[in-house]
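Q:
Protein chains: 2
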Amino acid sequence: MLGTHYLVDYWNCRDLTAEQWESVLRRAIDRAGAELLDFRIEQFEPQGITAFCLLSESHLAVHTWPEKDFVGIDLFTCGTQIQPELAIDVLHESLAPIRSQIRRVDRGDDVATGESPEIHTALRSGGE
Amino acid sequence: MLGTHYLVDYWNCRDLTAEQWESVLRRAIDRAGAELLDFRIEQFEPQGITAFCLLSESHLAVHTWPEKDFVGIDLFTCGTQIQPELAIDVLHESLAPIRSQIRRVDRGDDVATGESPEIHTALRSGGE
């Protein structure tokens, strides 16, 4: 296994400004022990943002759909020094979703083994 | 379901330059009917690239690990007008992987139903 990809889907979380998103994402990256190389955020009209954080260890991306109360976050990391779960803790605390669906997909599995891809699902509820 | 996320893992595919990657990705986006808003590519030393394509319909991201003969691609799209499968056809033809693992994850499922997340896996072999 080469990398770990968390697909984090949140419903009805806190409504953040672009500046607040930047702050949360930088904190999440820092907590995971990852290195941020470049940060981009795009504000859409009339609403919604896309943020992309280029990491030494792959990427963190966010798309928001305020009109659907939905946020989709991807955290793809490689290497053994990173703790992506700590980044997700920061996201969860900062965004306080009413509902969430978090899936982990291992990237770079050896498909030659014929094993089916592993997918880990955690459902958390409550906005904490 | 709000969006469709394809996680495309390739092994032993063609070794492309950054310029070739840009050409392939632009063609893939065009074929899918998506709109490219911003394109970034980062060349790492001694090797490897990260490319991020900001789309009106979410994103296309690529990370390469030439030292491991591995490429991880993400295509996250929303909306009913997009045909992400056509983008993957372009990737497959252009990169000619010896092995591949393609997983589709629906984003924004209604978790209130309690259904387990749907994951679709296709294993394709042969570089064509």
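Residue numbers (the numbering used here), protein chains in the order written: chain A, 34 to 161; chain B, 34 to 161.
Backbone N, C-alpha and C fix where the C-beta goes; we use that ideal spot for every residue, glycine too.
1) Confirm, please, whether the CB-CB distance from B/G112 to B/T97 is below 8 Å.
2) Would you kindly check if the distance between the Cβ of A/E55 and the Cβ of A/S89 is under 8 Å?
3) Give a yes or no on whether 8 Å exceeds the smallest Cβ distance from B/E75 to chain A.
4) Suppose the cutoff is 6 Å on Cβ atoms and the five residues either side in sequence are ignored; what does the same chain contact list for B/T83 look like?
5) Who are the near neighbours of A/R60 in its chain, counting only those whose CB is closer than 8 Å to its CB and skipping five residues on each side?
6) Would you kindly report the start and end of the unbroken beta strand (DSSP E) that includes A/D107?
7) Could you tell me the alpha carbon to alpha carbon distance between A/T50 and B/R132, rounded to whole angstroms?
8) Determine the burial state of A/Q114: buried for a count of at least 16 other Cβ atoms within 10 Å of its Cβ, exposed for fewer.
9) Please report the residue range of the alpha helix (DSSP H) in which A/S91 lies.
10) Tell me A/V41's beta-bridge partners as DSSP assigns them.
11) Mind listing the chain B neighbours of A/F103? Cutoff is C-beta to C-beta under 8 Å, in chain order.
12) Of the choices A/Q116, A/D42 and A/M34, whose alpha-carbon is the least far from that of B/V138?
13) If the cut-off is 9 Å on Cβ atoms, which residues from the stretch 108 to 130 of chain B count as contacting chain A, listed in chain order?
14) Throw me the rounded Cβ distance for the A/R73 and A/A129 pair, which I believe falls under 8 Å.
15) Give me the Cα-Cα distance between A/M34 and A/R140, rounded to the nearest whole angstrom.
16) CA-CA distance, A/L70 and B/D142?
17) Any Cβ of chain B within less than 8 Å of the Cβ of A/L69?
A: Short version:
1) Cβ distance not < 8 Å, so B/T97 and B/G112 don't count as in contact.
2) Contact annotation: A/S89 and A/E55 have beta-carbon atoms that are not nearer than 8 Å.
3) yes
4) E75 and H96
5) V123 and S127
6) Unbroken beta strand (DSSP E) run through A/D107: F103 to C111.
7) 42 Å
8) A/Q114 should be labelled exposed.
9) That residue, A/S91, is in no alpha helix (DSSP H); its beta strand (DSSP E) goes S91 to W98.
10) A/I106 and A/I135
11) The answer, in chain order, is L35 and G141.
12) A/D42
13) Residues passing the 9 Å Cβ filter: F109 and C111.
14) About 25 Å separates the two Cβ atoms, so there is no contact after all.
15) 6 Å
16) The C-alpha of A/L70 lies about 32 Å from the C-alpha of B/D142.
17) Not an interface residue.
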